[in-house]
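Undergrad: One structure is given below, represented as structure tokens, and several questions about it will come after.
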Amino acid sequence: MASSPARFERWFQLILTMLDGHDHTAIELAGTLGTTRRNLYYVLRLFRGMGFRVVHDRTFYYIDPRSPFLQRVASAVEFADDEVVYLHALMSKLAGQDVMASVVKHKLERYYDIDHQDGMRDMRHLSDNIEALERAMEQRRVVILRDYSSPHSHSVSDRVVEPFLFQGAKTDVRAFEIKSKQNKTFKIARIGRVEVVDTPWFNTDRHREVFTDMFMFSGEEQLHVKLRLSLLAHNLMLEEYPRSAPMLSREDDNHWIFEATLVNYVGISRFILGLFDEITILGDEGLRSYVRRKIAYMSRY
1 MASSPARFER WFQLILTMLD GHDHTAIELA GTLGTTRRNL YYVLRLFRGM
51 GFRVVHDRTF YYIDPRSPFL QRVASAVEFA DDEVVYLHAL MSKLAGQDVM
101 ASVVKHKLER YYDIDHQDGM RDMRHLSDNI EALERAMEQR RVVILRDYSS
151 PHSHSVSDRV VEPFLFQGAK TDVRAFEIKS KQNKTFKIAR IGRVEVVDTP
201 WFNTDRHREV FTDMFMFSGE EQLHVKLRLS LLAHNLMLEE YPRSAPMLSR
251 EDDNHWIFEA TLVNYVGISR FILGLFDEIT ILGDEGLRSY VRRKIAYMSR
301 Y
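Residue numbers (full-length UniProt numbering): 1 to 301.
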């Protein structure tokens, strides 16, 4: 009888063989295992007990890539649905000219059961929309977001926009909406169909990205502020807002300069008012005016 290490090595090789995407008969698998078909069937029963979904299709055997055991192993590195869509679309584009891309594409289809999964129709639809938006951005073209389902107005309508930026893992698209003359973020999954039209962008100077500052406020406006902090204010800034570290520079032994771009004055004014005798506002004038208004409002009490 084979030793435990040798036996486990053969079992592992059998598992890999049954996951390689090809059809294998019992005789072939018994050869891989180096044993009889009777003993193979015994091992396959053990695999089922361990959480492998062993599929017997006509005269062939394979392990379902979505088996519970494999799901547990892969949970730490498994791709989200939108990531699968992105990778599969990318590999599909390259498959005709790159052998490795074809291999990766096949593995994605095998592992995520792309051809049979009920939700794959939606994933393909999402992939088509992303591809159309990519093409529109490359060509700087206007698009019509057909049947866009808005979560805010609870309505479905067509939106004529100039798409210029993907956000997240290509789950959202930033675009200038021509009718409202505003930059908006659209969920790609809520788009019925992307229609690229033969009209070039004509509002490029109005395109604005969404900026998120150190206080986690998001918006298009970017305000530059500059403060002189005491050692106490410097230390508290780092404790409360670790992301501020790159924005701090030493002025002398007792003072630090804080310079940052912010969406609004809400977060920074709260910090200033809490340490008003430890901070000097060096800029901008808008921040000084905002803090003065806050002080005037508080003086009523």
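Virtual Cβ for every residue (Gly too), placed ideally from N, Cα, C.
Whose C-alpha, out of LYS181, ILE178, LYS187, HIS154, is nearest the C-alpha of residue 303?
TA: With the chain covering only 1 through 301, there is no way to say anything about residue 303.
Undergrad: Could you spell out where the beta strand (DSSP E) holding SER230 opens and where it closes?
TA: The sequence position of residue 230 within the sequence shown is 230, counting from 1. 223-230 is the span of the beta strand (DSSP E), which, as asked, contains SER230.
Undergrad: Can you tell me whether ASP118 is helix, strand or coil according to DSSP?
TA: Position 118 of the sequence shown, counting from 1, holds the residue named residue 118. Low per-residue confidence applies at ASP118: pLDDT is 49, beneath 50, and the placement is therefore not dependable enough to give any value.
Undergrad: State the Cα-Cα distance for the pair GLY21 and LYS107, rounded to the nearest angstrom.
TA: As a position in the sequence shown, residue 21 is number 21, starting the count at 1. As a position in the sequence shown, residue 107 is number 107, starting the count at 1. C-alpha separation (whole angstroms): 8 Å.
Undergrad: Is MET247 a contact residue of the ligand MN, with contact defined as CB to any heavy atom under 8 Å?
TA: Inclusion of the ligand MN in the displayed structure is not the case, the ligand content being empty and no account of it being possible.
Undergrad: Could you check whether the Cβ of GLY267 sits closer than 9 Å to any Cβ belonging to chain D?
TA: Protein chain content of the structure displayed is limited to a single chain, and chain D is not contained in it.
Undergrad: Near ARG37, which residues of its chain fall below 7 Å by C-beta distance, leaving aside the five closest residues on each side in sequence?
TA: For the purposes of this step, residue 37 is taken as the residue at position 37 of the sequence shown. Closer than 7 Å at the Cβ level, and outside the excluded window around ARG37, lie ALA26, ILE27, ALA30.
Undergrad: What are the residues that DSSP puts in a beta bridge with ARG250?
TA: Residue numbering aside, residue 250 sits at position 250 when the sequence shown is read from its first letter. BP columns for ARG250 point to TRP256.
Undergrad: Taking only the alpha-carbon atoms, compute the straight-line gap between PHE164 and SER153 and give it to the nearest angstrom.
TA: Mapped onto the sequence shown, residue 164 falls at position 164. Mapped onto the sequence shown, residue 153 falls at position 153. Looking at the two C-alpha atoms, the distance is approximately 23 Å.
Undergrad: What's the C-alpha gap between ASP277 and GLU259?
TA: By 1-based counting over the sequence shown, the position of residue 277 is 277. By 1-based counting over the sequence shown, the position of residue 259 is 259. One C-alpha to the other measures close to 19 Å.
Undergrad: Can you tell me where the alpha helix (DSSP H) with THR32 in it begins and where it stops?
TA: Within the sequence shown, the letter at position 32 stands for residue 32. Segment 26-33, the alpha helix (DSSP H) holding THR32.
Undergrad: Return the Cβ separation of ALA169 and GLU83 in integer angstroms, given the expectation that the two are a contact with Cβ distance under 8 Å.
TA: Counting from one through the sequence shown, the residue named residue 169 turns up at place 169. Counting from one through the sequence shown, the residue named residue 83 turns up at place 83. 6 Å between Cβ atoms; contact.
Undergrad: Within 10 angstroms of its Cβ, does ILE191 collect 16 or more other Cβ (buried), or is it exposed?
TA: Along the sequence shown, read from residue 1 onward, the residue named residue 191 stands at position 191. It is buried - the Cβ of ILE191 has at least 16 other Cβ atoms within 10 Å.
Undergrad: Whole beta strand (DSSP E) runs in the segment 118-154 with 3 or more residues, listed along the chain?
TA: Those beta strand (DSSP E) runs which fall completely within the segment 118-154 and span 3+ residues are 141-150.
Undergrad: Flag this pair as touching only if the segment 200-216 and the segment 137-146 have three or more C-beta atom pairs under 8 Å; answer yes or no.
TA: They touch, by the three-pair rule.
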